[in-house]
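This report concerns only the one structure given below.
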Amino acid sequence: MVGSFRNCGLSSGVIFGVLIIYSFPSECSLKPLGICELGVLNQSISQTHIMAFQARDLYNISVNQQEFQGTGLCDTPVNWLSIPNITSLQSSTILQNIYQTLHDFLGAFKVLKKCRVENEFFSKLHEANISISALQSNIFSILCNKSAVSHIPISVVIPEADGVFDEKLQCCRILNMYMNFMVAVESGLQRLREETRQKVAQLKYKNNSSGQQKSRKKVKRRKIGSKRAK
Numbered sequence: 007m008v009g010s011f012r013n014c015g016l017s018s019g020v021i022f023g024v025l026i027i028y029s030f031p032s033e034c035s036l037k038p039l040g041i042c043e044l045g046v047l048n049q050s051i052s053q054t055h056i057m058a059f060q061a062r063d064l065y066n067i068s069v070n071q072q073e074f075q076g077t078g079l080c081d082t083p084v085n086w087l088s089i090p091n092i093t094s095l096q097s098s099t100i101l102q103n104i105y106q107t108l109h110d111f112l113g114a115f116k117v118l119k120k121c122r123v124e125n126e127f128f129s130k131l132h133e134a135n136i137s138i139s140a141l142q143s144n145i146f147s148i149l150c151n152k153s154a155v156s157h158i159p160i161s162v163v164i165p166e167a168d169g170v171f172d173e174k175l176q177c178c179r180i181l182n183m184y185m186n187f188m189v190a191v192e193s194g195l196q197r198l199r200e201e202t203r204q205k206v207a208q209l210k211y212k213n214n215s216s217g218q219q220k221s222r223k224k225v226k227r228r229k230i231g232s233k234r235a236k
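Heads up, the sequence shown is in our numbering, so the first residue is 7 and it goes up one at a time.
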């Protein structure tokens with residue numbers, strides 16, 4: 007499997023027991039849609055599934071250790087971070103929106119430094135940050151287009167929290183948003199994978215049909231040449 011990804015111009019690494027593909031702009035070669043993109047999509051979906059569990063773990067820690075369980079206060083999104091509904095987007099814009107929003111979450115995670123939680127939380131947060139960067143690399147390798155991700159702002163603008171309680175509240179709300187987003191990302195990538203499979207199958211059928219037509223023409227020319235020789 008790793009060998010097939012190398013043929014796509016990607017290099018590989020391993021993190022959390024899952025193959026991670028790192029792309030380099032100079033090696034972009036996945037356009038048009040094809041086998042390479044399908045392989046990276048499969049890997050990205052596996053990684054996204056793990057990231058959704060990471061997000062839930064972080065969220066549960068923030069709720070329990072900051073004593074918000076049963077209050078419902080963490081369900082309200084913060085108003086300074088806009089999250090698209092990935093499952094309702096057109097396939098042509100899903101990847102760009104995922105890449106952009108992951109970038110926004112990396113900026114928003116600065117809020118989490120002020121969570122009133124134990125040290126275990128921050129080591130798990132570090133793992134989540136690495137996972138986000140790895141998934142962004144995968145998405146970039148599929149896009150293979152700098153212009154698609156070149157207009158991303160440096161970071162989101164985070165307003166000052168109004169005291170300790172507000173800091174704790176922002177912490178669990180951001181994580182709730184991230185948790186829900188990763189579930190939607192997995193669903194969106196699965197839809198994109200199915201559509202890509204169909205495109206690959208159609209392309210394969212078209213190529214096979216074209217090859218068969220060429221073979222028939224060659225046989226026909228040989229027969230004509232044979233008759234003329236006689």
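Note that CB positions come from ideal geometry on N, CA and C, so glycine has one too.
- Rounded to whole angstroms, the gap between the alpha carbons of residue 108 and residue 80 is 20 Å.
- For residue 133 and residue 212, the gap between their C-alpha atoms comes out near 44 Å.
- Shown here, residue 121 sits in coil according to DSSP, grouped into three states, outside any helix or strand.
- Annotation for residue 111: the continuous alpha helix (DSSP H) segment containing it runs 97 to 114.
- Note that the C-beta distance between residue 179 and residue 46 is not below 7 Å.
- Taking 7 Å as the cut-off, the beta carbon of residue 182 is found closer than this to the beta carbon of residue 65.
- The beta carbon of residue 188 sits closer than 7 Å to the beta carbons of 54, 57, 58, 61 from its chain, once the five residues preceding and following it are set aside; these are given in chain order.
- Between residue 103 and residue 112, the C-beta gap is not smaller than 7 Å, which leaves the two residues out of contact.
- Non-local C-beta neighbours of residue 127 in its own chain, meaning closer than 6 Å and more than five positions away in sequence, comprise 67, ordered along the chain.
- In this structure, DSSP gives residue 73 a state outside helix and strand, which the three-state scheme calls coil.
- Rounded to whole angstroms, the separation of the alpha carbons of residue 135 and residue 210 is 38 Å.
- Inter-residue distance for residue 69 and residue 77 is about 10 Å (C-alpha atoms, whole angstroms).
- A distance below 8 Å between beta-carbons, with the five flanking residues on each side excluded, links residue 138 to the following residues of its chain, in chain order: 57, 108, 111, 112.
- Non-local C-beta neighbours of residue 190 in its own chain, meaning closer than 8 Å and more than five positions away in sequence, comprise 91, 92, 93, ordered along the chain.
- For residue 49, the closest alpha carbon among the candidates 192, 205, 208, 206 is that of 192.
- Within its own chain, the residues whose Cβ lies closer than 6 Å to the Cβ of residue 71, once the five positions on either side in sequence are excluded, are 123, listed in chain order.
- Between residue 170 and the set 63, 86, 121, 198, the nearest pair of CA atoms involves 121.
- Cβ-Cβ separation between residue 131 and residue 118: approximately 6 Å, consistent with a contact (criterion under 8 Å).
- The shortest CA-to-CA distance from residue 116 to any of 176, 98, 195 is the one to 176.
- The C-beta distance from residue 163 to residue 114 rounds to 10 Å, too long to meet the 8 Å contact threshold.
- Check the Cα spacing between residue 74 and each of 173, 207, 86, 195: the tightest is with 173.
- Taken atom to atom, the span from the alpha-carbon of residue 140 to that of residue 87 is near 22 Å.
- Assignment of residue 85 by DSSP, reduced to helix, strand and coil, places it in the coil class.
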